[in-house]
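Residue numbers (this note's numbering): 768 to 1002.
For reference, the structure is listed below as structure tokens.
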Amino acid sequence: MYAERLVKLVTAVAGPSSNLLHHCHVHTQIKLFSFQAGLQKACWDGKMSRLLTLVPPCSFALYSRSLVLPKLWTNSSLPQQEWMYEIPNVSLNVNKASCLLSTRVLSSWLTLPEKQGADYVLDDSLLDDLFPVSGESTHQTYPLLEIGLYGLEFKSCESSLVSACVASLSSLNVFLYTPGIGGKMSAIPIVYGPNDTSCITEPDFFTLPTLGKTEVCSDCITATFQKPKHTGVSE
């Protein structure tokens, strides 16, 4: 009863303040801090191998709000539902062996226990590649793919007239690390941005061994999508 009385009061006000509108919404906020994922081998004697990190610690944030009793609102341009996702930074470090082993582990979780033995994953030779015994070469000698996303934001809203989405990505890095001389890993950039392309029309732009470091204030990727709900000519 309180929600209906509040909404009727606010809708009767010409140009209600943001504080009043805040109390006329249902708010949901979810935050996840220091999320990380990796692979680790547990031996029968209780010893644990070192952690092979696939996703370094990162944080996520989800926020949504929706109007209370949307049928009572007459302002067609007022969003009825809004969503916002935010990921400050997230990266993924994988090689071929870790991808295959992760697939086997996920498959063992989704398969009924009676259809496979208990050693379905433990007998896999990929464990020897990723978690070698002392004295053997480690997984660091394998090519490693690193994917990094920074400043990822996604917003969507829906009103009685239109559905809209806005997405932005501040920075994107994709590197391939290959074993070099002396066991050192050499980095090969595949995709990274944003970059200053003001000199892209010059002949020497694609022949330079490296690009100069310049500060680019704009986002790497921005996208906007709008879909009207009423497409009739009379409307």
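Glycine is no exception: its CB is placed at the ideal position from the N, C-alpha and C atoms.
C-alpha gap between residue i and residue j, whole angstroms
| i | j | result |
| --- | --- | --- |
| Leu819 | Lys922 | 33 Å |
| Leu799 | Tyr944 | 29 Å |
| Tyr917 | Ser865 | 23 Å |
| Ser826 | Pro946 | 31 Å |
| His906 | Ala954 | At His906 the pLDDT is 47, less than 50, meaning the model places this residue with poor confidence; the figure from the coordinates comes in the next sentence. His906 and Ala954: Cα-Cα distance of roughly 16 Å. |
| Arg871 | Thr878 | 10 Å |
| Lys996 | Thr989 | 23 Å |
| Leu873 | Gln803 | 16 Å |
| Glu771 | Gly915 | 47 Å |
| Tyr959 | Trp850 | 28 Å |
| Leu821 | Asn842 | 48 Å |
| Lys994 | Ser801 | 36 Å |
Residues near residue i in its chain [Cβ-Cβ closer than 7 Å; skip 5 each side]
| i | result |
| --- | --- |
| Lys808 | Ser816, Leu894 and Phe898 |
| Ser844 | Ser926 and Leu928 |
| Ile797 | Leu829 |
| Pro956 | Phe942 |
| Leu773 | His790 and Cys791 |
Proximal residues to residue i (C-beta, below 6 Å), its chain only, five neighbours per side dropped
| i | result |
| --- | --- |
| Glu913 | Asn860 and Phe942 |
| Val777 | Pro783, Leu787 and Cys791 |
| Ile854 | Phe827 and Leu919 |
| Ser858 | Pro823 and Gly915 |
| Cys924 | Pro846, Glu849 and Ala931 |
Identified DSSP bridge partners for residue i
| i | result |
| --- | --- |
| Val933 | Lys922 and Thr991 |
| Arg832 | His794 and Glu849 |
| Tyr959 | Asn940 |
| Ser858 | Gly915 |
| Ser953 | Thr945 |
| Thr820 | Gly805 |
| Leu799 | Phe827 |
Exposed unless 16 or more other CB atoms sit within 10 angstroms - verdict on residue i
| i | result |
| --- | --- |
| Pro846 | buried |
| Leu806 | buried |
| Leu936 | buried |
| Met768 | Residue confidence is low: Met768 scores 47 on pLDDT, short of 50, so the model does not pin down where it sits. Its coordinate-derived value is still stated next. Met768 comes out exposed. |
| Arg832 | buried |
| Leu834 | buried |
| Leu868 | buried |
| Asn962 | exposed |
| Leu911 | buried |
| Cys810 | exposed |
| Cys987 | buried |
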